[in-house]
Amino acid sequence: MNLTPKYRLLAVAGSMLAGALVLYGCKNFLTDNSTPQATVSGETLKTKSGVEGTLIAAYRSLDCNYQTAAWGCAVSNWVFGSVASDDAYEGSQAGDQPGVEQIELFNWNAPDAEGYLDAKWVSMYDGIARANATINLLKEVTATPGIISAADAAGIRGEAMFLRAHYHFEAYRMWGNIPYYRDNDNDFRKPNETKQQVEADLLRDLDSAIALLPATPRNAQIGRATSWTAMAYKGRVQMYKGDYAGAVTTLKAVQASGVYKLETSFDHVWTGFKQYQNGPETIFAYQASANDGNGDGENSNFGERLNFPSAGSPFGCCGFHQPSQNLVNYFQVDATGLPLALSSATWNANSNNFNGSNNTVAVDPRIDFTVGRDAVPFKDWGLHGAGWVRSIPHGGFYSAKKNTHENASGAQSNVGWTNTQLNSVNIHIFRYGDLLLMLAEAEAQTGDLAGATALVNQIRTRAGQTVQGCGLPVDAKASAAEVAAYPTCAGHSELVVAGPLSGGGTLGTTVEPWATYRIGLYPTFTSAAQALAAIQAERRLELAMEGQRFFDLRRWAIADVTLNAYVNGVGGGAEKNRVQTVPSTLQYVQQFGGAVPYVKGKYDFYPIPDQEIQLSKSGGKANLTQNTGW
2 MNLTPKYRLL AVAGSMLAGA LVLYGCKNFL TDNSTPQATV SGETLKTKSG
52 VEGTLIAAYR SLDCNYQTAA WGCAVSNWVF GSVASDDAYE GSQAGDQPGV
102 EQIELFNWNA PDAEGYLDAK WVSMYDGIAR ANATINLLKE VTATPGIISA
152 ADAAGIRGEA MFLRAHYHFE AYRMWGNIPY YRDNDNDFRK PNETKQQVEA
202 DLLRDLDSAI ALLPATPRNA QIGRATSWTA MAYKGRVQMY KGDYAGAVTT
252 LKAVQASGVY KLETSFDHVW TGFKQYQNGP ETIFAYQASA NDGNGDGENS
302 NFGERLNFPS AGSPFGCCGF HQPSQNLVNY FQVDATGLPL ALSSATWNAN
352 SNNFNGSNNT VAVDPRIDFT VGRDAVPFKD WGLHGAGWVR SIPHGGFYSA
402 KKNTHENASG AQSNVGWTNT QLNSVNIHIF RYGDLLLMLA EAEAQTGDLA
452 GATALVNQIR TRAGQTVQGC GLPVDAKASA AEVAAYPTCA GHSELVVAGP
502 LSGGGTLGTT VEPWATYRIG LYPTFTSAAQ ALAAIQAERR LELAMEGQRF
552 FDLRRWAIAD VTLNAYVNGV GGGAEKNRVQ TVPSTLQYVQ QFGGAVPYVK
602 GKYDFYPIPD QEIQLSKSGG KANLTQNTGW
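Read in order, the letters of the sequence shown are residues 2 to 631 in this note's numbering.
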């Protein structure tokens, strides 16, 4: 059916309202199941619970659901933020999910790639439509006094305006020049705004949200946006805009509030353990929910479900989003515990499987909280092995790790397709570690080198508190294999042990049977250039595989240099000579030869899906304008 843009944007929203009203009855926000109380009609919605349910439907668009699933809608941006960068390969095997493969190969206007891009577009504008529907319904209901209190009305409007800003920000990061929809828009065939106009609109919405929202989650329901969530997001937008002075003011205010702080251990950041979810580092996250009464596990980590080790692992499927060799090499450190990539011309020379037998090369402790490596404990599931990877020639040796759950956490779903890859691990959209590094960058850009150094070292100090422990699995076979490889692991189920900096100091080393972990702190930066290089390195190490890398590279205007070097050669290694031992795998050699994949200007933004351009037509003329080069 050829829907107009207005109805295409709103089609999914209507189908979710019944589920949203169910969720509003929950005692915990967006998590627990409840019995439906009534059917949905126009009059049903014109109540407090109708407005609240419509708002929850707006939150639900943060991640994929069965209406939007094409994996391009994943809240983590693993396709567009990681696979398109030097952090990750498509993974899995050649020919599976060809849309992801085409994104990786920079064939962004290929039909399969466009399907993924359109899934992202539809998902974001569906979220915008739901947020605006909430605001409009709130106007109707509050026209009758006494139905909703003034405090709740302000909070609901603030949450909806924050969500509207978030979804537009996601579209802005992808396409730059996008249409911006407000609650009073009736014709959805709107032209693009310029990048600068979108930035102004984002800041306007966030300022409104800051003024309306309470400082703590409304109804004491964790997961809702607060004024501090919106304030932190404002600083993020200012960083993308390049307003470093403004970002310093905003982000320092968030820092000084004390609302957020770093987790004490890196393994608490991405976890299935409920006691660590929504911890002090969480600014805004998709609240994944498993075993809540949904028969298909649809409220869980839906958009991440492909990104688990494959059939030979306890997860059974599907092996996408595999860490690149370049990323794994980037975790190597020098004698001072600082990134080897900043001091060595051959940091990227290793093309072999960097597994637990290669423990003489010192590495940053975060490697084994981020990457599944052979002969290294994979949380508490046993040793990662070659059989855990679907196709080594296509996706390399390694597996994604942050998005997986711990066996002991009980976060695994009991239902759904391949339930072992469904869990309640929350997906971070913005976390405090990210914010601190943005603040460090803003301070470096505005001349506060001492402040920037202190912030980077704060991140590194946390990274040195713990390292991967034995995590001896409960499965007898996996446990026996681990003890056979590492006898000292007998009786040790600890997921983490004390790290190099757990006792203080500026440099430390912890030796485990599978790794030599080392990390050091920076002396005070002596120039902005040195500071920015260190901060860029730190963002890669801290946020690896979290869907941020590609957007960072473009924000820094170094995507062309970095990604062309990644493919054709940097630090003694070239990705085009690595995983494609079978010629049809990543296809870098056939695709690029000696050419560059990233053409500056053309690839500065993703192409707007042609389907959306066609649907924007009025009077035979498209209102949406395609981005440069496409």
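Using N, Cα and C, we set each Cβ at its ideal position, and we do this for glycine too.
Nearest residue (CA-CA) to residue i, options the options
i, options, result
"Arg1", "Pro378, Ser314, Leu204, Gln197", "Nothing in the structure corresponds to residue 1, since the chain is present only between 2 and 631."
"Gly655", "Asn308, Trp79, Ala291", "Residue 655 lies beyond the range of the chain shown here (2 to 631); nothing can be said about it."
"Leu213", "Gly224, Gly280, Ala221, Ser228", "Ser228"
"Ala216", "Gly259, Tyr241, Tyr607, Phe189", "Gly259"
"Phe285", "Asp561, Val329, Phe398, Pro218", "Pro218"
"Asn178", "Gly492, Asp202, Ala451, Ser358", "Asp202"
"Ala566", "Ala451, Ala596, Gln537, Ser150", "Ala596"
"Gly397", "Ala152, Asn356, Lys253", "Asn356"
"Lys478", "Ala534, Ala120, Ser314", "Ser314"
"Gln564", "Leu438, Ala89, Gly73, Met439", "Reading off the sequence shown, one finds Leu at residue 564, where the question assumed Gln. If we check each option's Cα against that of Leu564, Ala89 comes out closest."
"Lys121", "Phe81, Ile157, Ala246, Glu299", "Phe81"
"Arg432", "Ala350, Gly452, Thr230, Leu502", "Thr230"
"Gln537", "Gly621, Pro340, Asp113", "Pro340"
"Asp97", "Tyr241, Gly320, Gly570, Asn302", "Gly320"
"Val426", "Tyr399, Val484, Phe309", "Phe309"
"Asp381", "Phe274, Phe526, Gln466", "Phe274"
"Ala257", "Leu436, Asn300, Gln288, Glu200", "Leu436"
"Leu522", "Arg556, Ala453, Gly548", "Ala453"
"Lys622", "Ser93, Val123, Val329, Arg190", "Arg190"
"Lys196", "Gln239, Trp72, Arg131", "Gln239"
Residue i, enclosing beta strand (DSSP E) - first and last residue
i, result
"Phe285", "283-287"
"Leu508", "508-513"
"Val497", "497-499"
Exposure of residue i, with buried meaning 16 or more beta-carbon neighbours within 10 Å
i, result
"Trp631", "exposed"
"Leu625", "buried"
"Lys402", "buried"
"Gln615", "exposed"
"Asn66", "buried"
"Asp188", "exposed"
"Thr145", "exposed"
"Pro598", "buried"
"Gly304", "buried"
"Ile559", "exposed"
"Asn628", "buried"
"Gly504", "exposed"
"Val600", "exposed"
"Glu442", "buried"
Whole-angstrom distance between residue j and residue i, CA atom to CA atom
i, j, result
"Glu613", "Val498", "51 Å"
"Ser617", "Pro99", "27 Å"
"Arg550", "Asn295", "33 Å"
"Gly500", "Val334", "15 Å"
"Ala545", "Gly54", "35 Å"
"Met175", "Val468", "35 Å"
"Phe606", "Phe163", "24 Å"
"Leu456", "Arg540", "12 Å"
"Met232", "Thr361", "44 Å"
"Asp611", "Glu115", "8 Å"
"Lys47", "Gly159", "19 Å"
"Tyr331", "Asn193", "39 Å"
"Ala491", "Gly470", "12 Å"
"Val364", "Tyr518", "5 Å"
"Ala445", "Met439", "10 Å"
"Ser358", "Trp515", "6 Å"
"Ile393", "Glu576", "14 Å"
"Tyr234", "Tyr277", "22 Å"
"Trp109", "Tyr604", "9 Å"
"Gly298", "Ile428", "16 Å"
Whole-Å CB distance - residue i paired with residue j, under 8 Å assumed
i, j, result
"Gly128", "Ala59", "6 Å"
"His169", "Tyr181", "6 Å"
"Ser480", "Pro474", "5 Å"
"Lys49", "Ile136", "Not quite, the Cβ-Cβ distance comes to about 15 Å (not below 8 Å), so this is no contact."
"Asn302", "Leu423", "6 Å"
"Tyr126", "Val101", "Wrong, their Cβ atoms sit about 22 Å apart, outside the cutoff."
Enclosing alpha helix (DSSP H) for residue i [first to last residue]
i, result
"Ile614", "611-616"
"Val377", "Segment: none, Val377 is in no alpha helix (DSSP H) and carries neither H nor E."
"Thr251", "245-258"
"Arg461", "450-464"
"His169", "151-176"
"Val693", "Residue numbering for the chain in the displayed model covers 2 to 631; residue 693 lies beyond these limits and cannot be assessed."
8 Å Cβ cutoff, residue i in contact with chain D
i, result
"Leu213", "In the structure shown, chain D does not exist; there is a single protein chain."
Cβ-heavy atom distance, residue i to the ligand FMN, below 7 Å
i, result
"Asp188", "Within the structure as shown, the ligand FMN is missing, as the structure has no ligands at all."
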